[in-house]
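Structure first, then comments.
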Amino acid sequence: NAGVTQTPKFQVLKTGQSMTLQCAQDMNHNSMYWYRQDPGMGLRLIYYSASEGTTDKGEVPNGYNVSRLNKREFSLRLESAAPSQTSVYFCASRQADGELFFGEGSRLTVL
Amino acid sequence: GENVEQHPSTLSVQEGDSAVIKCTYSDSASNYFPWYKQELGKRPQLIIDIRSNVGEKKDQRIAVTLNKTAKHFSLHITETQPEDSAVYFCAAGTDKLIFGTGTRLQVFP
Chain A
-18 NAGVTQTPKF
-8 QVLKTGQSMT
2 LQCAQDMNHN
12 SMYWYRQDPG
22 MGLRLIYYSA
32 SEGTTDKGEV
42 PNGYNVSRLN
52 KREFSLRLES
62 AAPSQTSVYF
72 CASRQADGEL
82 FFGEGSRLTV
92 L
Chain B
247 GENVEQHPST
257 LSVQEGDSAV
267 IKCTYSDSAS
277 NYFPWYKQEL
287 GKRPQLIIDI
297 RSNVGEKKDQ
307 RIAVTLNKTA
317 KHFSLHITET
327 QPEDSAVYFC
337 AAGTDKLIFG
347 TGTRLQVFP
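Quick mapping for you: the protein sequence lines, in order, are chains A and B.
So in the working numbering the end of the first sequence lands on 92, straight run, no missing numbers.
So in the working numbering the end of the second sequence lands on 355, straight run, no missing numbers.
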């Protein structure tokens, strides 16, 4: 039982490049989330998916797109990376109003 | 939408003292209020949570109180230990969970 798995763990991009962060959970949770964490800013919600087939914007959605591929997988795409998107990205999942379980995080640097 | 404010941003206490971290939220529809602990380089982990139908919850040295009328909730850690040193985050919401900006707690031996 791996919980929430994110890939890649580390990535360096040049400005303007695109990439997709992958996330999968094996806990049969309905809801999945993407947060970014910057020093002094806490965890800011980018997008979330309350159930398979739905996605909603969070606090900081600009520059990102998401896909809820199926119940297990929720990906985050940066179409044209900018230095301001340098951050640690956390995927998380939960069932109903239960505990939010986080992945290990993906550290992204945009040069 | 929901807005969560957390204070203080840093807190230093002597081992054995108590620590209190406070959060306020804006959306009266919020019904779930978790607290997470994050150690350096690691993922956030749940330490305690409370739902809107409960005013107080305790788990050993950790307690959380919720005042829905005033829209604030607090984390209380008693008999602090050096291993309690970490960053603590509060959050509030329903399906959409919004986090506070965190409190860096340092416990000095």
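Beta carbons: idealized from backbone N, C-alpha and C, even for Gly.
Predicted model only: the values in this text are computed from it and were never measured.
Going along chain B in order, which residues have a C-beta closer than 9 Å to the C-beta of residue i?
| i | result |
| --- | --- |
| Gly34 of chain A | Result: empty, since nearest Cβ-Cβ is about 14 Å, beyond 9 Å. |
Run through chain A and tell me which residues come within less than 8 Å of residue i, C-beta to C-beta.
| i | result |
| --- | --- |
| Asn277 of chain B | Asp78 |
| Asp295 of chain B | Glu80 |
| Thr347 of chain B | Gly21, Met22 and Gly23 |
Name the DSSP beta bridge partners of residue i, please?
| i | result |
| --- | --- |
| Val69 of chain A | A:Gln18 and A:Arg88 |
| Met0 of chain A | A:Leu59 |
Rounded to the nearest angstrom, what separates residue i and residue j at their Cα positions?
| i | j | result |
| --- | --- | --- |
| Asn46 of chain A | Leu59 of chain A | 7 Å |
| Ser56 of chain A | Asp341 of chain B | 18 Å |
| Thr67 of chain A | Gly(-3) of chain A | 13 Å |
| Val(-7) of chain A | Val91 of chain A | 6 Å |
| Gly262 of chain B | Gln306 of chain B | 14 Å |
| Arg49 of chain A | Ala31 of chain A | 10 Å |
| Ser74 of chain A | Ser12 of chain A | 6 Å |
| Thr1 of chain A | Thr315 of chain B | 42 Å |
| Lys304 of chain B | Asn313 of chain B | 15 Å |
| Thr270 of chain B | Glu329 of chain B | 26 Å |
| Met8 of chain A | Ala62 of chain A | 31 Å |
Note down, in chain order, every chain B residue with its Cβ under 7 Å from the Cβ of residue i.
| i | result |
| --- | --- |
| Phe83 of chain A | Arg289 and Pro290 |
| Phe71 of chain A | Arg289 |
For residue i, go through chain A and note every residue whose CB falls closer than 9 Å to its CB, in chain order.
| i | result |
| --- | --- |
| Pro280 of chain B | Glu80 and Leu81 |
Inter-stretch contact at 8 Å, needing at least 3 Cβ pairs: the region 281 to 295 of chain B / the region 329 to 339 of chain B: Using a C-beta cut-off of 8 Å, the region 281 to 295 of chain B makes contact with the region 329 to 339 of chain B, since at least three inter-stretch Cβ pairs fall below that distance.
Given 8 Å, three or more beta-carbon pairs between the region 255 to 264 of chain B and the region 74 to 90 of chain A: Contact annotation: the region 255 to 264 of chain B does not touch the region 74 to 90 of chain A, with fewer than three C-beta pairs closer than 8 Å.
Against chain B: residues of the region 29 to 55 of chain A by CB proximity under 8 Å: Contact residues of the region 29 to 55 of chain A toward chain B are Tyr29, Ala31, Asp37, Gly39 and Glu40 (C-beta to C-beta distance below 8 Å).
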